[in-house]
Amino acid sequence: MINVTQSYLPPLSEYVQYLEKIWDNCWLTNNGPLVIELEENLSNFLGVEHLLFLNNGTIALQIAIKALQLKGEVITTPFSYVATTTAILWENCKPVFVDIDPDTYCIDASKIEAAITSDTSAILATHVYGLPCDVEAIEVIAKKYNLKVIYDGAHAFGVEYKNQSLLNYGDISTLSFHATKLFHTVEGGAVVTNNEEIAKQMSLYRSFGHIRDDYYTIGVNGKNSEFHAAMGLCNLPKVPELIQKRKIICDYYDEQLVVNTHLERPKIPQKTIYNYSYYPILFGSEEELVSIMKELLRNNINPRRYFYPSLNTLSYLSKQVACPVSESIAPRILCLPLYPDLEMKDAERICQIIKEFHSIYEL
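Start counting the sequence shown at 4; every next residue gets the next number (the working numbering).
Take a look at the structure:
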């Protein structure tokens with residue numbers, strides 16, 4: 004089966020070298036030396052000031068919301084993984100959905116101001132597929148209304164915008180290092196901030212709110228282990244090579260599916276150094292998507308409807324609002340298989356199936 008992604012695994016011998024260090028130290032978790040080393044290496048690689056390694060990307064969102072003391076309404080996007088909305092609800096805040104930009108599929112900054120009320124405390128936006136939100140416009144709005152800004156950067160590892168890490172925008176950015184991500188630690192995540200006080204607060208929150216016998220605040224167990232840090236230390240040096248391999252496949256998909264068939268995909272904003280983390284393609288109808296997906300699955304090719312459904316339509320929301328652009332795109336978007344070891348002959352077969360079925364719907 005050719006899945007939508009395949010986790011990169013480093014040479015086993017490299018990982019074993021770190022395992023030997025763990026065995027020598029007998030230090031398995033609780034912010035051990037490999038965790039500290041990984042945090043330093045990640046900060047340097049990404050060009051960010053404060054980065055805390057956590058056990059997943061969802062706890063990163065929850066800790067970010069808690070650290071900024073958000074209450075009431077949080078303006079957010081309907082086009083993201085469900086954890087973005089769930090984290091807001093879990094922290095007893097109310098998600099207020101604003102529709103998305105039809106070019107990037109990120110939150111439409113021009114519609115945010117109309118959604119602000121006296122109960123609004125923050126904006127939580129997602130850099131969808133690693134594509135930058137309109138960070139300048141969002142910053143202007145946030146300053147005007149004294150709002151906090153969190154960016155869900157689960158897809159944005161290594162992305163640069165205007166000559167700096169995309170993670171440097173906003174009050175806090177969050178990351179996911181899940182096994183399916185461009186850079187992974189099997190399970191993991193991180194919070195990023197340029198504010199030292201916020202970083203200290205989040206550090207306490209991830210470790211039950213105390214340092215040894217001194218208790219300062221509430222907290223959770225957001226720590227990650229030496230074993231996960233070891234995987235990250237193995238994988239991090241490979242990231243530039245992995246991105247380049249992904250780019251080759253994306254360029255081929257572009258040539259075959261966008262240039263030759265005129266299917267659509269989101270646009271990469273100017274002045275962006277992209278990471279090629281996903282390859283989403285937009286079909287003309289949900290019927291076409293379902294038909295092509297079934298044929299791909301019949302050929303042992305497993306793409307993913309990512310993101311579906313539009314989050315503003317979730318049944319357990321207390322109130323549902325219309326987001327026409329997101330509701331139009333979500334049923335028609337499909338992420339194709341993309342990973343460094345995907346063979347070109349398989350990419351060719353994927354494109355051939357899509358082109359054959361798409362030609363039927365073009366008639």
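All residues carry an ideal CB built from backbone N, CA and C; glycine is no exception.
Only a predicted model underlies this, so the values are computations on that prediction, with no experimental measurement involved.
Residue ranges of each alpha helix (DSSP H) run of no fewer than 4 residues wholly in the segment 101-184, ordered along the chain? 138-148
Query - Whole alpha helix (DSSP H) elements within the segment 211-242, 4-residue minimum - result: 229-238
Item to check | Integer-rounded CB distance, given that L236 should sit under 8 angstroms from E40 | outcome: 6 angstroms
For this session: Grab me the residues of I284's own chain with a C-beta within less than 7 angstroms of its C-beta, minus the 5 sequence neighbours each way, in chain order.
Result: L260, L266, R268, L337, L339
Inter-residue Cα distance where the pair is L150 and I126: 7 angstroms
- [ ] Look at the alpha carbon of V85 and the alpha carbon of L292, and state the distance between them as a whole number of angstroms.
- [x] 21 angstroms
Report the CB separation of A193 from L55 in whole angstroms; it is logged as a contact under 8 angstroms. 6 angstroms
| task | Sort E290, S288, Y255, H231 by Cα distance to L22 and report the nearest one. | result | H231
Around the C-beta of P327, are 16 or more other C-beta atoms found within 10 angstroms, so that it is buried, or is it exposed?
exposed
- Query: So L49 and S168 are in contact, right, with Cβ under 8 angstroms, and what is the actual spacing, rounded?
  - Reply: 5 angstroms
- prompt: Roughly how many angstroms lie between the CA atoms of K358 and N263, to the nearest whole one?
  reply: 9 angstroms
> When DSSP labels each residue in this structure, what does H265 get in the three-state scheme?
Replying inline: coil
* How about P81 and S331: do their beta carbons lie closer than 7 angstroms? -> no
Bridge partner(s) assigned by DSSP for L1 | Here the chain comprises residues numbered 4 to 366, so residue 1 is not present and cannot be evaluated.
**Message:** Closer than 8 angstroms is the cut-off here; do at least three beta carbon pairs connect the segment 62-70 with the segment 197-212?
**Reply:** yes
>> Any contact between the segment 152-167 and the segment 125-140? By contact I mean 3 or more CB pairs, one from each, below 8 angstroms.
In response: yes
- Can you tell which of N315, L299, L170 has the C-alpha that lies nearest to the C-alpha of V51? L170
- Task: Give the straight-line distance between the Cα atoms of K165 and K274, rounded to the nearest whole angstrom.
- Result: 5 angstroms
For the segment 106-114 and the segment 137-148, state whether three or more C-beta atom pairs, one from each stretch, are separated by less than 8 angstroms.
yes
Margin query: Shorter than 6 angstroms, the distance from the beta carbon of I141 to the closest heavy atom of the ligand SAH, or not?
Written below: For the ligand SAH, the structure offers nothing, since it holds no ligand at all.
- Query: Skipping 5 residues on each side, what residues in its chain have a beta carbon closer than 7 angstroms to that of Y279?
  - Reply: I246, R249, K250, C253
Are G225 and N58 touching if we call contact CB-CB under 7 angstroms? yes
Extent of the continuous beta strand (DSSP E) to which L54 belongs
53-57
Problem - A325 in three-state terms, based on DSSP - result: coil
* Could you have a look at E346 and say whether DSSP puts it in helix, strand or coil? => coil
| query | What is the residue span of the beta strand (DSSP E) that V194 lies within? | reply | 192-196
For this session: Give me the Cα-Cα distance between L37 and E190, rounded to the nearest whole angstrom.
Result: 15 angstroms
Let's test the definition: count the other Cβ atoms within 10 Å of the Cβ of E229 and tell me whether it reaches 16, buried, or not, exposed. buried
Below 7 angstroms CB to CB, which residues in the same chain sit around G75 once its five sequence neighbours on both sides are set aside? C96, K97, D122, T123, S124
To the nearest angstrom, how far is the alpha carbon of A182 from that of T188? 7 angstroms
*Give the range of the alpha helix (DSSP H) segment to which E43 is assigned.*
36-49
#### Entry: One or two residues paired with N33 in a DSSP bridge
Note: N33 sits in no beta bridge, so no partner.
Quick check: the Cα distance between Y11 and T120, rounded to an integer number of angstroms? 45 angstroms
Cβ-based burial, I363 [other Cβ within 10 Å; buried from 16]: exposed
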